[in-house]
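Here's the structure we're looking at; comments come further down.
In the working numbering, the protein residues as written are 24 to 74.
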């Protein structure tokens with residue numbers, strides 16, 4: 024669910040004070056979220072092709 028990703032991003036901002044380390048985590052989450060399309064319910068996740 025997209026709400027979960029928002030929650031994780033918020034937690035990263037709160038728990039990681041160093042901007043450089045925080046940016047690494049945020050970049051990885053954005054890559055992960057960008058390759059997933061979350062639909063209808065939180066149990067149905069469809070992978071999008073990377074290329």
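Beta carbons are placed, not taken as given, at the ideal position from N, Cα and C, and that holds for glycine.
Taken through DSSP and simplified to helix, strand or coil, residue 32 comes out as helix. Secondary structure of residue 44 (DSSP, three-state): helix.
Collapsing the DSSP output to three states places residue 39 in coil.
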